[in-house]
Structure formats: structure tokens, C-alpha cells
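Residue numbers (our numbering): 4 to 242.
Beta carbons: idealized from backbone N, C-alpha and C, even for Gly.
Contents: one structure, followed by commentary.
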Amino acid sequence: MGEKCRWLCGELMGEQKGLSDFGGGVAKNRVEIYADARETSEVVSELEALGAVVNVKTLEVGDFILSDRVVAERKTRGDFESSIIDGRLFNQAKNMGENFESSVFVVEGERFEERVDRRALLGAVAALLTDYGASVFFTRDAEGTAEMLFAIAKREQLGEKRELRLLGERKRMDLAGQQQLLIECLPGVGPTMAKRLLEKFYTVENVITAHEAELLEVEGMGKAKAKAIKKVLTSAYKK
């Protein structure tokens, strides 16, 4: 919860810099991509073979930044399963969505390792599409991944004349978005549950002051989650 709230409060806000701010610069008709330093060199090599100028840096969000509004996360099929199991997937989707207008997940490989039930896999993909507004693509190998990333970056930069920045322009949230983000700071509460709570109680204040029994009336709210929420809201602050 703490990590999520730090992102919500904007600790990663700051001056946004394009490639030109780091010296050098490239021709305007060339595609430029930021790649995370922890990302596989195979995809980077394939991107360079396609003609992209790839700048490798430690990225705060995602594996590849394709424009000021598009970020991409690359996962092997095995890593996709692991990120569902350990909960990383949706945290990554949330962080990407908070910092870029468009989030892309590229899932690479021939087959899954079958550590996650097929229904759970489909549910995770459905959540990325509907709850987080992300796009999900499946590719066979690093070459296919690079082709997809290059196509998006080319359209963004050469077609749409978008700039490239290390962090995107954060979305301007309306009142409803701000209210939802506040509720998502509660333990075990994601986008779907936050919407359900606000739809039932109408205001953030009503959600916070609701009794445990009232919270249990919300679809998908279990006893453990309701207790955890009330504990956070009613416990005395101690350093």
C-alpha cells in the first residue's frame, strides 16, 4: 500500500526530459526508444537492426518508452504467470497508467508454463484491458516483440509527431478519478473495488466512516479485507 500511495502522491513527478536534453540528438526521421537497463539485449539488438536508436537507461516505469504517451512492458510467458502469482502485474499496470496515457504489455514466447490456471490467465488479461485500459499483445520471440515496439514507436514519433520523454505527461484526473485513487490506497482495494465502494457509499467520507458490516455488503468484500480496511482507518498513528 505504501508504494502505491507514494506513486499516487506524485513523488516521481519532476522535470521531464527528452533525448535532446542528454546531448547528441538524432535525425528527426529516426525512431528513438528508451530501453530499461535490466531488459534483455536481444530485443534491443532487434530494435537497432530495424533502424531504431535505442538509449539504454534505468527506467522508473516500464521496459520501453516509445513516446511521451506510450510505455511498454515486455514479459516472457513464464514471467507473465509469475507476475500474476506474486501480484506484480497489476501494480505495474497501475504505475504505467498513472504516468502514461497508453500502456502496452507484450507477452513473448511459444507457450505458458501452466503454473496458472487458464481461467486465471484470461482473467488477468481481461483486467488489464478493462480495469487498467492497457493493450496486450502476444509475440513468438524477441524479433516479433521488437517489430511490435518499433511499429508503435514509428507511428507515434513519425506519424503523430510525438516527442520522447523519460516519463510521460501524467494524466489530468477529474474529481471522480481523484476520489477513486484515494480509496485505492486502502488495503486490498483495487480499481474495481474502489468503484464499487464509491457507487454504494457515494462519497470518500462515507466509505471511510462506514461500519465493517456495511463494507461487507459490497460485492467481493470479504471479512478479512473489511477488517484490514477498518484497522487502517481506526488505529492510532504510531511511528
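What are the uninterrupted segments assigned as alpha helix (DSSP H) that are 4 or more residues long and contained completely in the segment 120-148, given in chain order? 121-133
Classify glutamate 35 as helix, strand or coil using the three-state DSSP reduction. strand
State buried or exposed for lysine 78, treating a residue as buried only when at least 16 other CB atoms are found within 10 Å of its CB. buried
Cβ pair glycine 112, arginine 80 closer than 8 angstroms: In terms of Cβ geometry, glycine 112 and arginine 80 form a close pair [threshold 8 angstroms].
For the candidate residues Val139, Lys233, Ala127, whose alpha-carbon lies nearest to that of aspartate 89? Ala127
Helix or strand or just coil, what does DSSP make of threonine 206? coil
Supposed close pair valine 107, alanine 137 - CB separation, criterion 8 angstroms: Yes, they are in contact, since the Cβ atoms of valine 107 and alanine 137 sit about 7 angstroms apart, within 8 angstroms.
Evaluate contact between the segment 152-168 and the segment 215-225, counting only Cβ atoms and requiring at least three cross-stretch pairs below 8 angstroms. No, they do not touch.
Can you tell me where the beta strand (DSSP E) holding arginine 77 begins and where it ends? 73-79
Please report how far the alpha carbon of glutamate 172 lies from the alpha carbon of aspartate 71, in whole angstroms. Low confidence applies here, because glutamate 172 scores a pLDDT of 46, under 50, leaving its location unreliable; read the following figure in that light. If I take the Cα positions, the gap works out to 7 angstroms.
Go through its chain and collect everything with a Cβ distance to leucine 201's Cβ below 7 angstroms, but skip five positions before and after it. Within the same chain, leucine 201 has close Cβ partners Gln182, Gln183, Ile186, Val210.
Lysine 60 lies in the beta strand (DSSP E); which residues open and close that run? Counting along the chain, lysine 60 sits inside the beta strand (DSSP E) bounded by residues 56-60.
Exposure label - asparagine 102; buried when at least 16 CB within 10 Å: buried
Glutamate 84 and glutamate 116 look like a contact to me (Cβ under 8 angstroms); what is the Cβ gap, rounded to whole Å? 6 angstroms
Quickly, what does DSSP pair serine 105 with across the bridge? List them, please. Val73.
Taking 8 angstroms as the cut-off, decide whether the C-beta atoms of isoleucine 36 and isoleucine 87 are in contact. no
Rounded straight-line distance, which links the Cα of glutamate 217 to that of alanine 231: 14 angstroms
Run through DSSP, which three-state label would phenylalanine 83 get? helix
Beta-bridge pairing of isoleucine 68 - partner residues as DSSP gives them: Tyr37, Val74, per the DSSP bridge assignment.
Answer with buried or exposed for valine 57, where buried requires no fewer than 16 other C-beta atoms within 10 angstroms of its C-beta. In summary, valine 57 is buried, with 16 or more beta-carbon neighbours lying within 10 Å of its beta-carbon over all protein chains present.
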